[in-house]
Amino acid sequence: MRMGELSVILDQPLEKAEASVRHALKEQGFGVLTEIDVAQVFKDKLDVTRRPLKILGACNPVMANEAISRDIDVALVLPCNVVLDAVSDTQTVVSIADPMTIMPGADLSDLVDQAKKRLAAVVETLAKPGPTVEPGLVD
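For the sequence shown, position 118 (counting from the first letter as 1) is numbered 98 according to the working numbering, and the numbering increases by one without interruption.
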(Lines of atoms letter the chains of each structure in order from A and count residues from 1; the text may use other names and numbers.)
(Lines give C-alpha, C1' and ligand atoms only; values in the text may rest on other atoms or scores of the structure.)
Protein backbone atom coordinates (compact mmCIF):
# COMPACT_ATOMS: atom_id res chain seq x y z
CA MET A 1 0.00 0.00 0.00
CA ARG A 2 1.31 3.41 -0.95
CA MET A 3 1.12 6.39 1.36
CA GLY A 4 -2.25 8.09 1.45
CA GLU A 5 -4.46 5.27 0.29
CA LEU A 6 -6.64 2.47 1.54
CA SER A 7 -6.30 -0.63 -0.59
CA VAL A 8 -7.10 -4.29 -0.96
CA ILE A 9 -6.29 -6.99 -3.51
CA LEU A 10 -9.35 -8.91 -4.68
CA ASP A 11 -9.13 -12.33 -6.27
CA GLN A 12 -11.72 -11.26 -8.82
CA PRO A 13 -11.56 -10.05 -12.41
CA LEU A 14 -12.20 -6.33 -12.82
CA GLU A 15 -15.88 -6.64 -13.75
CA LYS A 16 -16.74 -8.66 -10.61
CA ALA A 17 -14.48 -6.50 -8.44
CA GLU A 18 -16.29 -3.40 -9.68
CA ALA A 19 -19.66 -4.88 -8.72
CA SER A 20 -18.30 -5.75 -5.26
CA VAL A 21 -16.88 -2.24 -4.83
CA ARG A 22 -20.13 -0.57 -5.86
CA HIS A 23 -22.04 -2.76 -3.39
CA ALA A 24 -19.62 -2.03 -0.52
CA LEU A 25 -19.72 1.71 -1.27
CA LYS A 26 -23.52 1.68 -1.27
CA GLU A 27 -23.54 -0.06 2.14
CA GLN A 28 -21.54 2.89 3.52
CA GLY A 29 -23.79 5.56 1.98
CA PHE A 30 -21.66 6.33 -1.07
CA GLY A 31 -22.91 6.55 -4.63
CA VAL A 32 -20.83 6.48 -7.79
CA LEU A 33 -21.09 9.83 -9.57
CA THR A 34 -18.44 9.32 -12.23
CA GLU A 35 -16.78 6.41 -13.99
CA ILE A 36 -13.67 6.64 -16.15
CA ASP A 37 -12.46 3.64 -18.11
CA VAL A 38 -8.84 4.80 -18.31
CA ALA A 39 -7.74 1.94 -20.55
CA GLN A 40 -10.51 2.73 -23.04
CA VAL A 41 -9.77 6.46 -23.00
CA PHE A 42 -6.08 5.79 -23.68
CA LYS A 43 -7.01 3.40 -26.49
CA ASP A 44 -9.43 5.90 -28.05
CA LYS A 45 -7.29 9.03 -27.66
CA LEU A 46 -3.73 7.71 -27.88
CA ASP A 47 -4.10 4.29 -29.51
CA VAL A 48 -2.28 2.89 -26.47
CA THR A 49 -3.18 -0.51 -25.08
CA ARG A 50 -2.85 -0.99 -21.35
CA ARG A 51 -4.31 -3.36 -18.80
CA PRO A 52 -7.83 -2.52 -17.56
CA LEU A 53 -7.97 0.42 -15.15
CA LYS A 54 -11.09 2.21 -13.93
CA ILE A 55 -11.63 5.21 -11.70
CA LEU A 56 -14.95 5.50 -9.89
CA GLY A 57 -15.87 8.86 -8.37
CA ALA A 58 -17.62 8.00 -5.09
CA CYS A 59 -19.56 10.48 -2.99
CA ASN A 60 -21.55 10.39 0.24
CA PRO A 61 -23.95 13.28 -0.43
CA VAL A 62 -24.66 14.05 3.23
CA MET A 63 -20.98 14.33 4.14
CA ALA A 64 -20.10 16.15 0.90
CA ASN A 65 -22.83 18.73 1.46
CA GLU A 66 -21.68 19.38 5.02
CA ALA A 67 -18.03 19.62 3.98
CA ILE A 68 -18.73 22.02 1.10
CA SER A 69 -20.96 24.11 3.36
CA ARG A 70 -18.01 24.56 5.71
CA ASP A 71 -15.29 25.01 3.10
CA ILE A 72 -15.99 25.40 -0.62
CA ASP A 73 -12.40 24.35 -1.43
CA VAL A 74 -13.37 20.78 -0.53
CA ALA A 75 -15.07 20.65 -3.92
CA LEU A 76 -11.58 20.55 -5.46
CA VAL A 77 -11.08 16.98 -4.22
CA LEU A 78 -14.59 15.59 -4.69
CA PRO A 79 -15.69 12.99 -5.53
CA CYS A 80 -13.43 10.47 -3.78
CA ASN A 81 -11.44 8.44 -6.30
CA VAL A 82 -11.71 4.67 -6.13
CA VAL A 83 -9.22 3.02 -8.49
CA LEU A 84 -9.67 -0.51 -9.82
CA ASP A 85 -6.50 -1.87 -11.41
CA ALA A 86 -6.75 -5.30 -13.07
CA VAL A 87 -3.29 -6.66 -12.30
CA SER A 88 -4.26 -9.97 -13.94
CA ASP A 89 -7.31 -11.67 -15.44
CA THR A 90 -8.25 -12.91 -11.96
CA GLN A 91 -6.96 -10.23 -9.61
CA THR A 92 -7.88 -6.56 -9.10
CA VAL A 93 -6.27 -4.02 -6.78
CA VAL A 94 -8.78 -1.58 -5.31
CA SER A 95 -7.31 1.67 -3.96
CA ILE A 96 -9.12 4.59 -2.35
CA ALA A 97 -7.54 7.96 -1.63
CA ASP A 98 -7.27 8.50 2.14
CA PRO A 99 -9.40 11.56 3.01
CA MET A 100 -6.99 12.39 5.87
CA THR A 101 -4.26 12.92 3.26
CA ILE A 102 -6.23 14.90 0.69
CA MET A 103 -8.35 17.01 3.10
CA PRO A 104 -6.19 17.76 6.14
CA GLY A 105 -8.16 20.90 7.17
CA ALA A 106 -8.73 21.34 10.91
CA ASP A 107 -12.26 22.69 10.38
CA LEU A 108 -13.22 19.42 8.72
CA SER A 109 -11.47 16.93 10.98
CA ASP A 110 -14.74 15.38 12.19
CA LEU A 111 -16.05 14.88 8.65
CA VAL A 112 -12.71 13.70 7.31
CA ASP A 113 -12.47 11.17 10.15
CA GLN A 114 -16.00 9.94 9.43
CA ALA A 115 -15.27 9.65 5.70
CA LYS A 116 -12.06 7.72 6.39
CA LYS A 117 -13.88 5.32 8.71
CA ARG A 118 -16.57 4.66 6.11
CA LEU A 119 -14.05 4.18 3.29
CA ALA A 120 -11.95 1.91 5.52
CA ALA A 121 -15.13 -0.10 6.16
CA VAL A 122 -15.53 -0.45 2.38
CA VAL A 123 -12.01 -1.88 2.14
CA GLU A 124 -12.63 -4.17 5.15
CA THR A 125 -15.85 -5.46 3.58
CA LEU A 126 -14.02 -6.18 0.34
CA ALA A 127 -11.19 -7.96 2.19
CA LYS A 128 -13.55 -10.40 3.92
CA PRO A 129 -14.10 -13.74 2.24
CA GLY A 130 -17.66 -14.20 1.14
CA PRO A 131 -19.94 -14.34 -1.84
CA THR A 132 -19.09 -12.06 -4.71
CA VAL A 133 -21.56 -9.59 -6.13
CA GLU A 134 -22.39 -10.33 -9.72
CA PRO A 135 -22.07 -7.51 -12.26
CA GLY A 136 -25.39 -5.88 -13.06
CA LEU A 137 -26.89 -6.54 -9.61
CA VAL A 138 -25.86 -3.20 -8.09
CA ASP A 139 -27.40 0.18 -8.97
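Built from N, CA and C at the ideal position, the CB exists for glycine as well.
Note that this is a predicted model, so its numbers are computed, not measured.
Short Cβ contact (9 Å threshold) for residue i with residue j
{"i": "Leu74", "j": "Ile16", "result": "One point to set straight first is that residue 74 is Val, not Leu, in the sequence displayed. Result no, Cβ atoms of Val74 and Ile16 do not sit closer than 9 Å."}
{"i": "Val199", "j": "Arg31", "result": "Given a span of -19 to 119 for the chain in the structure shown, any question on residue 199 remains unanswerable."}
{"i": "Val102", "j": "Glu7", "result": "yes"}
{"i": "Ala4", "j": "Leu91", "result": "no"}
{"i": "Ile76", "j": "Val57", "result": "no"}
Counted within 10 angstroms of its Cβ, other Cβ atoms place residue i as buried (16 or more) or exposed
{"i": "Thr70", "result": "exposed"}
{"i": "Pro79", "result": "buried"}
{"i": "Lys34", "result": "buried"}
{"i": "Leu55", "result": "It is Ala, not Leu, that sits at residue 55 in the sequence shown. Burial call: exposed."}
{"i": "Thr72", "result": "buried"}
{"i": "Asp65", "result": "buried"}
Residue range of the unbroken beta strand (DSSP E) whose run includes residue i
{"i": "Leu91", "result": "Counting along the chain, Leu91 falls outside any beta strand (DSSP E), though it belongs to the alpha helix (DSSP H) covering Ser89 to Ala107."}
{"i": "Asp24", "result": "Per DSSP, Asp24 belongs to no beta strand (DSSP E); it is in the alpha helix (DSSP H), Val18 to Leu26."}
{"i": "Ser68", "result": "Element bounds for Ser68: n/a, residue is neither H nor E."}
{"i": "Leu(-14)", "result": "Glu(-15) to Leu(-10)"}
Whole-angstrom distance between residue j and residue i, CA atom to CA atom
{"i": "Glu(-5)", "j": "Ala100", "result": "21 Å"}
{"i": "Asp87", "j": "Met43", "result": "14 Å"}
{"i": "Gly11", "j": "Leu26", "result": "30 Å"}
{"i": "Leu13", "j": "Pro59", "result": "7 Å"}
{"i": "Ala19", "j": "Gly9", "result": "28 Å"}
{"i": "Glu46", "j": "Glu(-15)", "result": "23 Å"}
{"i": "Val62", "j": "Gly37", "result": "6 Å"}
The alpha helix (DSSP H) enclosing residue i, as first and last residue numbers
{"i": "Asp80", "result": "First, the amino acid is wrong: residue 80 is Met here, not Asp. Segment Pro79 to Ile82, the alpha helix (DSSP H) holding Met80."}
Whole beta strand (DSSP E) runs in the segment 26 to 54 with 3 or more residues, listed along the chain? Every beta strand (DSSP E) of 3 residues or more that sits fully in the segment 26 to 54 is shown, in chain order, as 33 to 39.
If we require 4 or more residues per run, which alpha helix (DSSP H) segments fall completely within the segment -5 to 19? Runs of the alpha helix (DSSP H) inside the segment -5 to 19: none found.
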